[in-house]
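**Student:** Have a look at the structure that comes next, please.
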Amino acid sequence: MPRPGPFDFPADHGAHPAFRIEWWYVTATLTAADGTEYGAQWTLFRSAFAPHEAEGWASPQVWLGHAALTSSTRHLAAEKLARGGIGQAGVAAVPFEAWIDDWRLADRMAARGEGFAYDLMLRATGPVVAQGDGGYSVKSAAGQASRYYSQPFYAASGEILLDGRRIPVTGTAWMDHEWSSQPLAADQAGWDWFSLSFDDGARLMGFRLRGAQDFVSATWITADGRPEPQPPGALRLTPGRTATVAGRAVPVEWRLELPAKGLDITTRALNDQAWNALSVPYWEGPIRAEGSHPGRGYLEMTGYGEGAR
Amino acid sequence: MTGLAVLLSHWARHKVQAALLLMGLALATALWTGVQAINAEARASYDFAAATMTQDRLPRLVAERITLADYVALRRAGWPVSPVIEGEAVIGGETLRLIGIEPLTLPPGERVEGNPADFLTGGTILSAAPLDDPRARRADLPPGIAVADIGVAAQILGPDISYLLLTQDRSPQDRPAPAGYALIRPATTDLSQLTESFHLNLAAFGYLAFGVGLFIVHSAIGLAFEQRRALFRTLRALGLSARALTGLLLAELLAFALVAGAAGVALGWLIAGALLPDVASTLRGLYGAEVGAELTLRPVWWLSGLGIAVLGMLGSAGQSLWRLWRLPPLAPAQPRAWARESAQAMRRQALAGALLLGLAAGLLALPGLWAGFGMLAGLLMGCALILPMLLASLTRIGQWLSRGAVAQWFWADTRQQLPGLSLALMALLLALAANIGVGTMVGSFRATFTAWIDQRLAADLYVEAADEADSARLLEWLGDRAVALPMIRTTDGGTGVVGMVDHPLFRRAWPLLRSLPDPWAHLDAGDVFVNEQLALRRHLSPGDRVEQGVIAGIYPDYGNPMPQVILSYDRHRALYPLPILRHALITDIPAAAIRAAFPRMVVQDRAAIREASVAVFERTFAVTAALNVLTLGVAALAIFASLLTLSALRLPQLAPVWAMGLRRSRLAWLEWLRTLALAALVWVLALPVGLALAWVLLAVVNVEAFGWRLPMRLFPGDWLRLGGLSLLAAGLAAALPVYRLARIAPAELLKVFARER
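Residue numbers (the numbering used here), protein chains in the order written: chain G, 11 to 319; chain H, 30 to 786.
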């Protein structure tokens, strides 16, 4: 189990093989010169069969990469698998680099799949932000927790390739890095996860873990990068319109209320069908917020099985 | 129902007849089912291998050496490759082809089933048969194959990667292969195509055996019908309609067919089980196809076995049933001379035979394996149909040549018996001709093959190293005590590609069937040699082109059904960068010394390779030989059945001769002699038929099936042995009827005169 305490940077940017799972997660909301909106996702998951690393084929670590590109009409996703120990995938702390095959995340994020590719420069415009209690993010009433920090202040610029067209884009990106050995309680079936960048510069990270008792947590991040963790349940998340995605009913509109910050917004998906039909299928796509705090961000929804709520 | 009971009571009184009928049909069904079972098992193995062995279907990247770092570099450059470490390994005391795969980079849907964590990190080794190893788990895999994670294979076989599978068509730079790697395309023909001719061969033998078996059934049914004529007449006179009587007899025959069919399928199962290991090792040696040595019981055999038994029964009984249908209610109740000589019928038969022979000759003009087998069928059936006419003529000559009343009667009576015996004699002709034909084919092949392999195996030792470092150490160790000639070969798109060093040893060892002038200079200049198989399959001659270059020569390559191309060593090296692990050595260092110094080296001397190759060859035809013997046995049984039938019917013909003073023992002796004479005549006639058969097998079927043409050689010693064997079989078959005749009560013979004819 992870313990509370200060992060050890830059080492903590790298991998923590003693923990069962870990991910580096970048989502970018992008705009082309003609105003068309896009979203890009670059994710590297690490999963350990045993809590250590070993050289060569004997490594018990397995890496999983997901990349996706979304427009209002298209959503393309790709997946890569690699084993640890041989250098085919991994994360180096100094200088920071995460990779799997020819997909790469460093000061640039690049990936390609069937019918799409992107290559974006990332430039931090604010500080790294610890989530939860100084980077200790509680995930259930029973005390499940993870180590979790974010870099919500990336400026992104570069090029996307969609259906054979190269399109220059600019925007913002948000990186999460999280590791744990037991992120969810037994009864927790999935989650709804928001990362939002408001037009006034503030950021909001909020999630709901769905279980016998929903667990909702949020961090308000001021425009200058100060995290203000909110008490459990302070953020109210209300699903609105659902869309049928891959045979499932998935809420693609949400109402978010955080009275302490005077926040009352409605989010809508850029593309209702932002379904990552990969070995673990889930919904992941760009959203736009309207209401008290207009802005853009990303929404991830997991655990919506066929016929589940 | 009473009618059926009355009909069946006949069999209770004629147990031998019933047994013959059942045995004939059961044997025919057994041979047919056995061959079908073997073929089905082998085909199921191919389908299964094709469905499970992904790495055989994907293009490969090969290089002289592929390290783990090379693989990772390619992945990070975006190449969609998956590494495989493959080699022979001894696991739990069994030598297996161990395939180490990397499940995470195999194409989706091709990943290993079950718990991936267990496979990746548990060291699990999967195989079809249980292995005596704690890591082993059973899985649905082809026999002889073990699959494990690449990490396990690296521990057993060493860390170097054997080859990389290209898992997508797409490559990052739109190049077919990265620099330093060669792309090897997967074979376009699969195992089932390659082995089709082999199975067709087996199936043809199955049908031949089935046909011969039906002769027994035919004669047993014919006898039973003749003996029950009085019964039929009585039943008809009592008011049973022809339709009802035929229906009852049909029901009776179906019951027999089902019983015999079930016994036949069970027997076929045993035959297949006994022959399958031989077939499996043949397929492995010849085609590299792995077939399990265990049979799986498939319901479809039962159904098809019973079906063919019923069909065979109906086919054999058709003539008898037709006669019964048209039998007038008041027909003579005495057994008609069942098979009175009918010159007209014999002529018609001979004419049909001649037509079939003409058809067979016409098929010569058509290409393809089916035409070849059609020709075989036409030849055999045609000769069989002409046989009675020929035998009748021969007996006429015999009669003309003989002096004295008894001798004249002997020949005349022999001719009189011909129609009744002709079916059995046809069966004997078919069995003998098949024996001579196949024997000549196998013998010719063996003689050519052994001479050829003695020439081909010119070096003293053949060594194969596990890796290139070991190979280099060996060459250093040998120093100038040996001439080491590198041997490289690969398979590209299903065609073997060999790189040949320019050395007198190989030039001597590589006879060419046809070539351009000075072929070896052409080879050095960039042209190629192709094997006879490839040339025949694609109708190529020297001067034509294949993918790798212009053909300078065509060489024989017996025992190899695969197409093959030879390039010069340097061109091969340039086209396919591969590690050089195999060398031919000209040396007087004993194999044991090299083995002692290099334990991981595979060292074979010339004699061992020759022995192994000849063993593969022998096994290839072991099944054919076994089926041959079985067919001959069935033919002997057919003769026995016919003689038994005739002996009961012939009393009216023998009684007058006995009454004129010929003693029973003399009569019996003459009967026996007659059978032997007929068998001898059939043997003589079978010789040309068998040789024609051998010619078709060698010049048509083998060329189509395997792609090699062989000179025909004659083996008179085998013919004599076969002649002795057929006399023995006929003598034994005649023994019981003749013994009965010698011991017949004189009263029985007297009764003939008392009875109204």
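Every residue gets a Cβ at the ideal spot worked out from N, C-alpha and C, and that includes glycine.
Residue range of the alpha helix (DSSP H) that H:Pro-207 falls in?
**Tutor:** Taking the second sequence and counting its residues from 1, the one referred to as residue 207 of chain H is at position 178. First-last for H:Pro-207: undefined, no H or E at that position.
**Student:** Can you pull the chain G residues whose beta carbon is under 8 Å from the beta carbon of H:Gly-180, in chain order?
**Tutor:** Numbered from 1 along the second sequence, position 151 holds the residue referred to as residue 180 of chain H. The contacting residues are Gly-66, Trp-67, Ala-68.
**Student:** How is the beta strand (DSSP E) around G:Gln-240 delimited, first residue to last?
**Tutor:** Here residue 240 of chain G refers to the residue found at position 230 of the first sequence. Looking at the DSSP string, the run of the beta strand (DSSP E) that includes G:Gln-240 is 237-240.
**Student:** May I ask which residues mark the beginning and end of the beta strand (DSSP E) holding H:Ala-462?
**Tutor:** Here residue 462 of chain H corresponds to residue number 433 of the second sequence, with the count starting at 1. DSSP places H:Ala-462 in no beta strand (DSSP E) but in the uninterrupted alpha helix (DSSP H) bounded by 434-485.
**Student:** Starting from H:Gly-107, find everything on chain G with Cβ-Cβ shorter than 7 Å and list it in chain order.
**Tutor:** As a first step, residue 107 of chain H is located in the second sequence; it is residue number 78 there, counting from the start. Near H:Gly-107 (Cβ distances below 7 Å), the residues of chain G are Asp-111, Asp-112.
**Student:** By the 10 Å Cβ neighbour count, where 16 or more other Cβ atoms means buried, how is H:His-601 classified, buried or exposed?
**Tutor:** Stepping through the second sequence from its first residue, residue 601 of chain H is reached at position 572. Per the 10 Å Cβ criterion, buried.
**Student:** Where does H:Leu-385 sit, in a helix, a strand or coil, going by DSSP?
**Tutor:** Sequence index remark: in the second sequence, residue 385 of chain H carries index 356 (1-based). DSSP places H:Leu-385 within a helical segment (H, G or I) once states are collapsed to three.
**Student:** For chain G, find out if any of its Cβ atoms is closer than 7 Å to the Cβ of H:Val-101; answer yes or no.
**Tutor:** Your numbering for residue 101 of chain H matches position 72 in the second sequence. It does; some Cβ of chain G falls within 7 Å.
**Student:** Should G:Ser-167 and G:Met-119 be called a contact, given that it needs their Cβ atoms to be closer than 7 Å?
**Tutor:** Here the question's residue 167 of chain G lines up with position 157 in the first sequence. Here the question's residue 119 of chain G lines up with position 109 in the first sequence. Result no, Cβ atoms of G:Ser-167 and G:Met-119 do not sit closer than 7 Å.
**Student:** Can you give me, in chain order, the residues of the stretch 48-64 of chain G that have a beta carbon less than 8 Å from any beta carbon in chain H?
**Tutor:** Phe-59, Ala-60
**Student:** Check whether chain H comes within 7 Å of G:Arg-118, counting only Cβ atoms and requiring the distance to be less than that.
**Tutor:** Working through the first sequence from its first residue, we reach residue 118 of chain G at position 108. Chain H contact via Cβ: absent.
**Student:** For chain H, check one thing: does any of its Cβ atoms lie closer than 7 Å to the Cβ of G:Ile-96?
**Tutor:** On the first sequence, residue 96 of chain G is found 86 positions in, with the first residue counted as 1. Under the Cβ distance rule, G:Ile-96 counts among the residues neighbouring chain H, one pair being separated by less than 7 Å.
**Student:** Anyone know if the C-beta pair for H:Ile-609 and H:Pro-540 falls short of 7 Å?
**Tutor:** Indexing the second sequence from 1 puts residue 609 of chain H at position 580. Indexing the second sequence from 1 puts residue 540 of chain H at position 511. Going by C-beta atoms, H:Ile-609 is not nearer than 7 Å to H:Pro-540.
**Student:** If H:Ala-71 sits next to H:His-228, beta carbons under 8 Å apart, how far is it from one beta carbon to the other, in whole angstroms?
**Tutor:** Sequence index remark: in the second sequence, residue 71 of chain H carries index 42 (1-based). Sequence index remark: in the second sequence, residue 228 of chain H carries index 199 (1-based). Sure, about 7 Å apart at Cβ, within 8 Å.
**Student:** Taking its Cβ as the centre, do 16 or more other Cβ atoms sit within 10 Å of H:Ser-38, making it buried, or is it exposed?
**Tutor:** Here residue 38 of chain H corresponds to residue number 9 of the second sequence, with the count starting at 1. So H:Ser-38 ends up on the exposed side.
**Student:** Could you have a look at H:Glu-70 and say whether DSSP puts it in helix, strand or coil?
**Tutor:** Numbered from its first residue, the second sequence carries residue 70 of chain H at position 41. Of the three classes helix, strand and coil, the one that applies to H:Glu-70 here is helix, per DSSP.
**Student:** Could you name the residues of chain G that H:Ser-97 contacts, counting a contact when the two beta carbons are closer than 9 Å?
**Tutor:** Counting from one through the second sequence, the residue named residue 97 of chain H turns up at place 68. Per the sequence presented here, residue 97 of chain H reads as Leu, with Ser not at that position. The contacting residues are Gly-66, Trp-67, Ile-96, Gly-97.
**Student:** Compare the Cα-Cα distances from H:Gly-804 to each of H:Leu-287, H:Gly-334, H:Leu-279, H:Val-329 and report the closest residue.
**Tutor:** Any property of residue 804 of chain H remains undetermined from this structure, which presents chain H solely from 30 to 786.
**Student:** Just the chain H side, please: which residues come within less than 8 Å of G:Arg-93 by C-beta, in chain order?
**Tutor:** Residue mapping note: residue 93 of chain G aligns to position 83 of the first sequence, counting from 1. Within 8 Å Cβ-Cβ: Glu-131, Leu-133, Leu-149.
**Student:** State the DSSP-derived secondary structure class of G:Tyr-314, mapped to helix, strand or coil.
**Tutor:** Stepping through the first sequence from its first residue, residue 314 of chain G is reached at position 304. Coil, per DSSP.
**Student:** Can you find a C-beta in chain G that's less than 7 Å from the C-beta of H:Arg-167?
**Tutor:** Mapped onto the second sequence, residue 167 of chain H falls at position 138. No, H:Arg-167 lies away from the interface with chain G (no Cβ there is under 7 Å from its Cβ).
**Student:** Nearest chain G C-beta to H:Ala-183 closer than 7 Å, yes or no?
**Tutor:** Stepping through the second sequence from its first residue, residue 183 of chain H is reached at position 154. True, the Cβ-Cβ gap to chain G drops below 7 Å.
**Student:** Name the chain G residues that come within less than 8 Å of H:Arg-104, Cβ to Cβ?
**Tutor:** Locating residue 104 of chain H in the second sequence gives position 75, counting from the first residue. The answer, in chain order, is Ala-92, Gln-98, Asp-111, Asp-112.
**Student:** Output the distance between the C-alpha atoms of H:Ile-337 and H:Ala-233, rounded to the nearest integer angstrom.
**Tutor:** Here residue 337 of chain H is taken as the residue at index 308 of the second sequence, counted from 1. Here residue 233 of chain H is taken as the residue at index 204 of the second sequence, counted from 1. H:Ile-337 and H:Ala-233: Cα-Cα distance of roughly 15 Å.
**Student:** Please classify G:Lys-149: does DSSP put it in a helix, a strand, or coil?
**Tutor:** Within the first sequence, residue 149 of chain G is the residue found at index 139, counting from 1. It is coil, neither helix nor strand.
**Student:** For H:Pro-515, which of helix, strand or coil comes out of DSSP?
**Tutor:** On the second sequence, position 486 is the one that residue 515 of chain H refers to. Strand.
**Student:** Can you tell which of H:Val-91, H:Asp-178, H:Leu-97 has its C-alpha closest to the C-alpha of H:Ile-130?
**Tutor:** As a first step, residue 130 of chain H is located in the second sequence; it is residue number 101 there, counting from the start. H:Ile-130 has its Cα closest to that of H:Asp-178, out of H:Val-91, H:Asp-178, H:Leu-97.
**Student:** Along the chain, which unbroken stretches of the beta strand (DSSP E) at least 3 residues long are found entirely within the stretch 51-100 of chain G?
**Tutor:** As far as the stretch 51-100 of chain G is concerned, its whole beta strand (DSSP E) runs of at least 3 residues are 71-80, 85-93.
**Student:** Go ahead and label H:Pro-448 buried or exposed: buried means 16 or more other beta carbons lie within 10 angstroms of its beta carbon, across all protein chains shown.
**Tutor:** Along the second sequence, one-based indexing puts residue 448 of chain H at 419. Burial call: buried.
**Student:** To the nearest angstrom, how far is the alpha carbon of H:Gly-240 from that of H:Ile-638?
**Tutor:** Taking the first residue of the second sequence as position 1, residue 240 of chain H is located at position 211. Taking the first residue of the second sequence as position 1, residue 638 of chain H is located at position 609. Using only the alpha carbons, I get a separation of about 40 Å.
**Student:** Candidates H:Leu-454, H:Ser-422, H:Leu-457, H:Asp-634: which alpha carbon is nearest H:Leu-486's?
**Tutor:** On the second sequence, residue 486 of chain H is found 457 positions in, with the first residue counted as 1. Per the Cα distances, H:Asp-634.
**Student:** Among the residues of its own chain, which have a CB less than 6 Å from the CB of H:Gly-407, if the five just before and after it don't count?
**Tutor:** The sequence position of residue 407 of chain H within the second sequence is 378, counting from 1. Contacts found: Leu-385, Leu-388, Ala-389.
**Student:** According to DSSP, H:Asn-560 sits in a beta bridge with which residue or residues?
**Tutor:** Position 531 of the second sequence, counted from the start, is the residue given in the question as residue 560 of chain H. DSSP lists H:Tyr-584 as partners of H:Asn-560.
**Student:** Measure the C-alpha to C-alpha separation of H:Trp-354 and H:Leu-392 and round it to an integer number of angstroms.
**Tutor:** One-based indexing of the second sequence puts residue 354 of chain H at position 325. One-based indexing of the second sequence puts residue 392 of chain H at position 363. In a straight line, the C-alpha of H:Trp-354 is about 38 Å away from that of H:Leu-392.
**Student:** With a threshold of 16 other CB atoms inside 10 Å of the CB of G:Phe-217, please say whether the residue is buried or exposed.
**Tutor:** Taking the first sequence and counting its residues from 1, the one referred to as residue 217 of chain G is at position 207. Label assigned to G:Phe-217: buried.
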